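Enquirer: I am attaching a structure below and will ask some questions about it afterwards.
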Amino acid sequence: MEIDDKGTDNNERTADHLLQWTQWQLLDSILPTGGFAHSYGLEAAIQARIVSSPQNLKSFIIQVLENTATLLLPFVHCANKSPDIDNYAKLDKLLEATLTNEVGRKASASQGAALLRVAASVFSEAPLLRKIRESFMGSREVSFHHAPVFGLICGLTGFDSGTSQRAYMFITMRDVISAATRLNLVGPLGASVLQHEIAPVAEETVRRWMDRSVEEAFQTAPLLDTVQGCHSYLFSRLFCS
Amino acid sequence: MNSSPFSSRPASCVEREREREREMEEATGMARVEKVRGRSTVTRCFSKYPLKLILPKKVGSVHVDAVWIYTLSYGGGIVSGDRVSCRISVGDGCTAAMTTQASTKVYKSVDSKCSEQILAARIGKDALLAVIPDPVTCFSTARYSQKQVFRLFSDSNLVVVDWITSGRHESGEKWDFEHYRSTNHIFLEEEQPLFLDSVVLEQKSSVSIAERMQQYHVIAMVVILGPRLKHTQNQIQDEVKKMMSGQFRLPTSTSGRYARSESKHCQIPPPFIASCSSFGPQAVGLVIRVAATTTESVYMFLRHHLASLEPFLGVAPYFQSGR
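Those sequence lines, one after another, are chains E and C.
Once you know that position 163 of the first sequence is 163 in full-length UniProt numbering, the rest is easy, because the numbers rise by one and skip nothing.
Once you know that position 240 of the second sequence is 240 in full-length UniProt numbering, the rest is easy, because the numbers rise by one and skip nothing.
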């Protein structure tokens with residue numbers, strides 16, 4: 001009896017520890033998901049002189065995070081809660097209609113498709129990922145938007161919803177700050193300092209907006225949305241969005 | 001509850017009927033546009049406090065088949081706690097324009113009460129609805145929520161202008177209201193979502209509304225949808241791209257991190273920013289988003305870019321407003 005209990009205990013602990021490795025890998029920037037091809041509107045904002053100083057870079061990042069929380073976390077949450085094929089397809093379709101900014105919508109679809117491609121190969125313990133990818137590849141029905149793909153992967157690999165939503169905010173922040181360094185707005189050390197400074201704000205934002213239904217999704221930064229829409233008008237650009 | 005599977009259908013029909021009745025009771029206004037002897041005609045119309053619907057006899061040329069509906073509010077604005085709910089249906093092949101006579105003022109909130117404006121519209125096959133109001137102006141501390149839901153067919157046509165200003169500039173207000181929400185939903189047949197947009201501006205977030213808006217005083221959105229408006233869509237897309245292309249500048253690499261050495265002029269953001277996004281299958285819809293420093297510049301933009309609607313509506317939108 002005792003030995004059995006210990007055995008189960010050990011197994012559980014091993015599973016927990018393995019989950020941590022999966023989590024770190026999913027959030028690691030080495031995962032080839034193409035996140036660094038996107039600046040979340042920062043490049044257009046710089047060229048429009050909307051962002052020109054460290055103060056308004058910080059404000060920009062906080063606004064991007066808040067907009068991510070109110071607009072996209074509901075999709076991460078709902079995909080995480082029921083990671084099945086029908087729910088996933090429904091969420092993707094809703095998000096396609098919800099992302100009204102063409103630049104942002106295309107960015108979301110290409111990031112999501114890349115992430116699902118990688119995850120379907122890497123996380124073979126979740127065969128549904130491969131199945132979903134194969135079922136909808138080349139179909140017009142599903143666009144593979146990023147937030148529901150991320151929620152789905154988290155749900156299938158065993159992240160709880162809260163962790164998934166926090167993680168989604170983390171990778172968004174990671175990618176925007178990385179874009180800021182490549183656009184020469186901050187140096188690498190300054191960027192890390194900024195990331196740590198913003199973390200408490202990001203946490204507060206997650207807490208305020210987490211666990212909401214997709215019907216409640218909305219955007220909060222109409223000026224930045226307008227500016228991001230101009231990305232394709234830029235004469236020269238580093239990023240896809 | 002009756003558990004028989006056969007009873008579920010009539011029960012839900014009754015429920016739906018009741019819901020419809022309730023909606024009608026709650027509605028403060030409704031209008032129905034149908035073809036009568038081949039012309040778009042308002043066949044039913046009612047409104048009650050705090051909404052007034054006005055149907056002017058002649059707005060444009062008699063040779064154009066369109067009805068115009070003006071929505072007015074008593075006392076020229078929406079008082080805290082007011083709920084305006086309007087339903088409009090535009091029958092197959094009909095054309096209707098809905099507009100206002102002046103900006104919609106949302107007065108200061110009393111006891112944190114929210115004012116609400118709801119529009120539910122059905123647009124028939126090959127019909128056109130243009131919702132082309134003046135902007136909403138929320139006074140300091142105001143709380144306002146607006147929801148517009150459009151149900152239409154793949155060959156229906158729709159123009160929606162939805163815009164907000166920063167407040168009463170003359171009283172020194174700048175994005176001083178408490179809460180603003182604007183939702184625009186467009187559904188195709190069988191409740192297929194085509195465009196689901198909600199914008200919320202709230203004072204109690206990490207960054208104040210004024211900080212988010214920087215020096216801009218107006219935020220506008222224009223939706224243009226449908227086969228009859230393809231030409232208008234293409235024209236706006238081309239012109240906006242042309243207008244905006246000259247507005248962006250690369251920070252010069254020699255001038256250091258924040259381009260401090262650039263002349264002052266080069267650091268000022270453009271006073272008028274617009275961008276276009278296609279949406280829907282086969283890019284059937286177009287949404288234009290605008291941020292501007294003055295209301296007049298947005299009126300000019302709308303007058304210019306919506307002028308091609310004149311043949312459908314009899315008068316060019318915003319022809320007389322904002323002057």
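We put the CB at the ideal spot given by N, CA and C, even for glycine.
None of the values given here were measured: they were computed from a predicted structure.
Against chain E, with Cβ distances strictly below 7 angstroms, would residue 241 of chain C count as a contact?
Expert: yes
Enquirer: What's the C-alpha gap between residue 294 of chain C and residue 217 of chain C?
Expert: 6 angstroms
Enquirer: Go through its chain and collect everything with a Cβ distance to residue 40 of chain C's Cβ below 7 angstroms, but skip five positions before and after it.
Expert: 33, 65, 66, 67, 94, 95 and 96
Enquirer: Can you tell me whether residue 195 of chain C is helix, strand or coil according to DSSP?
Expert: It is a strand residue.
Enquirer: Find the nearest neighbour of residue 298 of chain C within the set C:221, C:237, C:122 and C:167, judged by alpha-carbon distance.
Expert: C:221
Enquirer: Contact check, residue 141 of chain C vs residue 109 of chain C under 8 angstroms by CB: the rounded distance?
Expert: 5 angstroms
Enquirer: Any C-beta of chain E sitting closer than 7 angstroms to the C-beta of residue 177 of chain C?
Expert: no
Enquirer: Between the Cα of residue 50 of chain E and the Cα atoms of E:185, E:130 and E:138, which residue gives the shortest distance?
Expert: E:185
Enquirer: Determine the DSSP secondary structure at residue 37 of chain C, reduced to helix, strand or coil.
Expert: coil
Enquirer: Secondary structure at residue 285 of chain C, three-state DSSP: helix, strand or coil?
Expert: strand
Enquirer: I need the boundaries of the alpha helix (DSSP H) containing residue 233 of chain C, first residue and last residue.
Expert: Counting along the chain, the alpha helix (DSSP H) containing residue 233 of chain C begins and ends at 230-245.
Enquirer: Less than 7 angstroms separating the beta-carbons of residue 179 of chain C and residue 212 of chain C?
Expert: no
Enquirer: Is there a Cβ of chain A sitting closer than 7 angstroms to that of residue 212 of chain E, yes or no?
Expert: The question asks about chain A, but that chain is absent: this structure's protein chains are E and C.
Enquirer: Less than 7 angstroms separating the beta-carbons of residue 150 of chain C and residue 47 of chain E?
Expert: no
Enquirer: What distance in whole Å lies between the Cβ atoms of residue 236 of chain C and residue 305 of chain C, which are believed to be in contact at a cut-off of 8 angstroms?
Expert: Indeed they touch by this definition, with Cβ atoms about 5 angstroms apart.
Enquirer: In the DSSP output, what is residue 148 of chain C paired with across the bridge?
Expert: DSSP links residue 148 of chain C through a beta bridge to C:119 and C:184.
Enquirer: Just tell me which of C:309, C:273, C:43 and C:45 has its CA closest to the CA of residue 245 of chain C.
Expert: C:273
Enquirer: Take the Cβ of residue 349 of chain C as the centre, count every other Cβ of all protein chains shown within 10 Å, and call the residue buried at 16 or more, exposed below.
Expert: Because chain C here runs from 1 to 323, residue 349 of chain C falls outside it and cannot be looked at.
Enquirer: Along chain C, in chain order, which residues have C-beta atoms closer than 7 angstroms to that of residue 49 of chain E?
Expert: 267, 268 and 269
Enquirer: What alpha helix (DSSP H) runs, 4 residues minimum, are completely inside the segment 4-64 of chain E?
Expert: 42-47
Enquirer: How would you list, in chain order, the residues of chain E whose beta-carbon sits under 7 angstroms from the beta-carbon of residue 212 of chain C?
Expert: For residue 212 of chain C, the chain E residues whose Cβ falls inside 7 angstroms of its Cβ are 63, 221 and 223, in order along the chain.
Enquirer: Within 10 Å of its beta-carbon, does residue 326 of chain C have 16 or more other beta-carbons around it, so buried, or fewer, so exposed?
Expert: Past the edges of chain C, shown from 1 to 323, lies residue 326 of chain C, and the structure says nothing about it.
Enquirer: With respect to the beta strand (DSSP E) encompassing residue 98 of chain C, which residues constitute its N-terminal and C-terminal limits?
Expert: DSSP places residue 98 of chain C in the uninterrupted beta strand (DSSP E) bounded by 95-99.
Enquirer: Between residue 319 of chain C and the rest of its own chain, which residues show a CB-CB distance below 8 angstroms, the 5 nearest in sequence each way excluded?
Expert: 303
Enquirer: Take residue 82 of chain C and list the residues in its own chain whose beta-carbon comes closer than 6 angstroms to its own, dropping the five residues that flank it on each side.
Expert: 50 and 115
Enquirer: Compare the C-beta of residue 261 of chain C against all C-beta atoms of chain E and say whether one is closer than 7 angstroms.
Expert: Confidence in residue 261 of chain C is poor, its pLDDT being 43 and thus under 50, which makes the residue's placement unreliable; the coordinate value appears in the next sentence. The C-beta of residue 261 of chain C comes no closer than 7 angstroms to any C-beta of chain E.
Enquirer: Cβ of residue 147 of chain C within 7 angstroms of Cβ of residue 123 of chain C?
Expert: no
Enquirer: Using a Cβ-Cβ distance cut-off of 7 angstroms, determine whether residue 102 of chain E contacts chain C.
Expert: Taking Cβ atoms only, chain C reaches closer than 7 angstroms to residue 102 of chain E, which makes this a yes.
Enquirer: Anything in the segment 280-304 of chain C with a Cβ closer than 7 angstroms to a Cβ of chain E? List those residues in chain order, please.
Expert: 287, 289, 290 and 291
Enquirer: Going along chain C, which residues have a C-beta under 8 angstroms from residue 218 of chain E?
Expert: Those within 8 angstroms of residue 218 of chain E in chain C are 181, 183, 198, 199 and 200.
Enquirer: Can you name, in chain order, every residue of its own chain whose Cβ lies under 6 angstroms from the Cβ of residue 98 of chain C, other than the five neighbours on each side?
Expert: 69 and 131
Enquirer: Given that a residue counts as buried once 16 or more other Cβ atoms are within 10 Å of its Cβ, and exposed if not, what is residue 80 of chain E?
Expert: The residue is buried, with at least 16 neighbouring Cβ atoms inside 10 Å.
Enquirer: What's the C-alpha gap between residue 211 of chain E and residue 29 of chain C?
Expert: 36 angstroms
Enquirer: Helix, strand or coil, according to DSSP, for residue 30 of chain C in the structure here?
Expert: strand
Enquirer: Nearest by alpha-carbon distance to residue 182 of chain E: which of E:59, E:172 and E:37 is it?
Expert: E:37
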